[in-house]
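In what follows, a single structure is set out as structure tokens and then discussed.
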Amino acid sequence: MDEIKSIIGTILQDAIQDAIEANELPITTPPDIPFSPTKTPDHGDIATPVALGLAKSAKMPPRTVAETIHKHVDLEKHSIISNLEIAGPGFINIYLSNEWLFDTIRNILKEQQEYGKSDIGLQKKIQIEFVSANPTGPLNIVSGRAAAVGDTLVNLLNAVGYDAVREFYVNDAGGQVERLGQSIDIRYRQALGEHDIEIPDGGYNGEYITDFAKEIVVEDSDTHLKLSDDERILLFKEKGIAHLLGQQKTTLERFGVNFDVWASEKTIRDSGKPDDIINIFQEKDYLYENEGATWFKMTDFGDDKDCVVIRTNGEYTYFVPDAAYHLDKHDRGFTKVIDLFGPDHQGHITRLKNFVKALGLSDDWLEVDIIQQVNLVDSDGNRQDMSKRQGQFYTLDLLIDELAEAVGERYAVDVARYFFLMRANNTHLDFNIELAVTQANENPVFYIQYAHARCCSIFQQAREQGFEIKPVEEVNLELLDAPQEHELIRKAAEFPSIIISSAEDREAHRIPHFLHDLAGIFHPYYNQHRVLDLSNKDRSTARLILVECIQTVLANGLRLLGISAPESM
RNA sequence: GCGCCUAUAGCUCAAUUGGAUAGAGCAACGGACUUCUAAUCCGUAGGUUGCAGGUUCGACUCCUGCUAGGCGUGCCA
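Under this note's numbering, the residue at position 412 of the first sequence is numbered 404, and the numbers go up by one with no gaps.
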């Protein structure tokens, strides 16, 4: 589709140039040709509002401009265009010849699993950091959304020719994991009979902490009581991190997300790089002392208040290792870094970007996108608090478990991923778990998967019934003359440009919608037209070619989403 | 108070850079299995795109001001 746009664009620009030279269009030079999608076949295969844009500078009515351009397009010369029409306020609707449709078919069959890919990324190194949940509890469903989106964005970027990697930043140092150690310690001692102690404010009081503390008691009995408080908390912190991080990894694997790099905050801190950051800021005069703490002049970068980088107790706030971490990313050679943050980190974006700027990196090197919150809603429409500190949260594992109960383990991950991916990142997603489970059989993911399974089934039948499956060069594609068949091919032809826009705009949800649209053309087609017809074997052969194309596009799209493409359902 | 996000059909959501008649699914109602799989299809219905202005050939989209909801605004991460 992109190729065809540039071909048509050139033809139209030439026509405009001819019109200018014939003194029929009072402008100096042909503009870039914009294209708008055609919503109905009545508007042709592609359309351009170029005449509307030129109307002002040419001081002519838009329809007249369109007609002037039209006059200078020689249809005899361009066999790819079957017809041009002026419509509405001055749109030029372009109807492409069948040969273009057949080229699309040949291209899909030639490319197979590669169909849809492109190379606009020039193999530039891009990193996407996502999930990066604290190792202080199980992953919740917001992390699930981030996991699905991040994983798919990497797939999309790789599909358009970037060299993209998945990275998870483990916050295994700092105050949060300190509290984790303390919380486990309290539960451990409680399990051993101390009852006059409680989890402090800001600690973790989820049941999983109690369970884990009990496990420690079972394995090690009361031996850790001999340690000093500090030693014991340190030990429990490390044990807790290992345990919970392990759990998160297991969950992510089950969810089909495999990170390329697990970066550690502790490693960053131990590397001395945070000290370098302080030195750099010091040299650039971005720091000052106040009330015993060291502050960064965030107001120099337009923020409304400065922020502490070294606390009164001498420890760095998380900004410093975070800045060091991003400098480290830069040193690893990424030309662009994308962080997917949860909504609770939104206040961090401006500051982080300012720190990156303070380090001398360009403004667009770091991109931060928010994956908006997921509200768990019950059947009465009440929202449930998912704070880890409260211990009331809905885990990703629990979600997959419940889906598995309804639709089987095989499809549970498919359904979860699809639900997370079908919405734009910046929408607040109300996830009604009861609805997702009860309506599972009418889930849109099955609609798409079923379309794929039907394609497979047709080929199964074709083989059993002895239909000849010929290579495309030997098939008369002119026999594909039903309007729905052309519609299917046109839709399939959009696939590569959908991937590009989806990747560049970081809008993964366009892929599920595209696939749903494609399946939505295929199912009616299937119901109204028999592919395998013994009384018309030539047409059957041609239709098998079309079915293979649809199957290929569906499979390629589902693969990008990390969703399975079943051969039968 | 300040900052970010959101507001589109009864519900959940789409709508490439501003483009033609704002689209799907679910829910509702009526139909279609002797058929390549009915996890499907066909039909009906559903709208002042939160409100008020502005920009222009044209606005769900951009600007200003409101309203409502969410989040952020810690020497937590």
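Glycine is no exception: its CB is placed at the ideal position from the N, C-alpha and C atoms.
By the CB criterion at 9 Å, R98 and V539 fall outside the cutoff. The residue from A39, L390, L526 and E103 with its alpha-carbon nearest to that of G82 is A39. Within a 10 Å sphere around the beta-carbon of H420 sit fewer than 16 other beta-carbons, which makes this residue exposed. In this chain, Q105 is not harboured by any beta strand (DSSP E), its DSSP state being neither H nor E. Using a Cβ distance threshold of 9 Å, Y154 and F487 do not count as a contacting pair.
Spanning the alpha carbons of Y317 and A79 requires a straight line of approximately 56 Å. C-alpha of A125 to C-alpha of P504: approximately 26 Å in a straight line. Note on the region 117 to 173: whole beta strand (DSSP E) runs with a minimum of 3 residues are 117 to 121 and 155 to 162, in chain order. Taken in chain order, the unbroken stretches of beta strand (DSSP E) that lie wholly in the region 313 to 362 and span 3 residues or more are 328 to 333 and 358 to 362. Taking a contact as a CB-CB distance under 8 Å, the pair I73 and L67 counts as one, their CB atoms being some 6 Å apart. Cβ contact annotation for T286 (same chain, cutoff 6 Å, sequence separation greater than five): L279, V301 and I302, in chain order.
For L427, the enclosing alpha helix (DSSP H) covers residues I425 to T430. The C-alpha of T242 lies about 21 Å from the C-alpha of A165. V523 is the residue among I363, V523 and T144 whose C-alpha sits nearest the C-alpha of A474. Counting C-beta atoms within 10 angstroms of its own C-beta, K102 has fewer than 16 neighbours from the protein chains shown and is therefore classed as exposed. Runs of the alpha helix (DSSP H) lying entirely within the region 433 to 480, each at least 4 residues long, are 436 to 456 in chain order. Taking a contact to require three or more Cβ pairs closer than 8 Å, the region 45 to 65 and the region 83 to 95 qualify as touching.
Taking all protein chains shown into account, H216 has 16 or more neighbouring C-beta atoms within 10 Å of its C-beta and is therefore buried. Residue G1 holds the alpha-carbon nearest to the alpha-carbon of P26 among G1, D34, P33 and A11. When beta bridges are read from the DSSP output, A79 appears opposite F83. Here Q338 is exposed. Its C-beta has fewer than 16 other C-beta atoms within 10 Å. The alpha-carbon of G136 is positioned some 16 Å away from that of Y161. The beta carbon of V312 sits closer than 7 Å to the beta carbons of P266, I269, I270 and V301 from its chain, once the five residues preceding and following it are set aside; these are given in chain order.
Taking 9 Å as the cut-off, the beta carbon of M52 is found closer than this to the beta carbon of L46. The C-beta distance from A485 to S494 rounds to 16 Å, too long to fall under 8 Å, and the pair is not in contact. For V301, the uninterrupted beta strand (DSSP E) segment begins and ends at C299 to I302. If you check the CB distance, Q441 and I555 come in under 9 Å. Take T327, set aside five residues on each side of it, and the residues of its chain with a beta-carbon closer than 6 Å to its own are K116 and K117, in chain order. Here the alpha carbons of S71 and G36 stand approximately 16 Å from one another.
When the alpha-carbon of F94 is set against those of L344, E470 and V429, the nearest one is in E470. Across the set E479, I537, T533 and G549, the C-alpha of E479 shows the shortest separation from the C-alpha of K31. One alpha carbon belongs to H340, the other to F228, and they sit about 29 Å apart. D509 carries a helical assignment under DSSP once its states are collapsed to helix, strand and coil.
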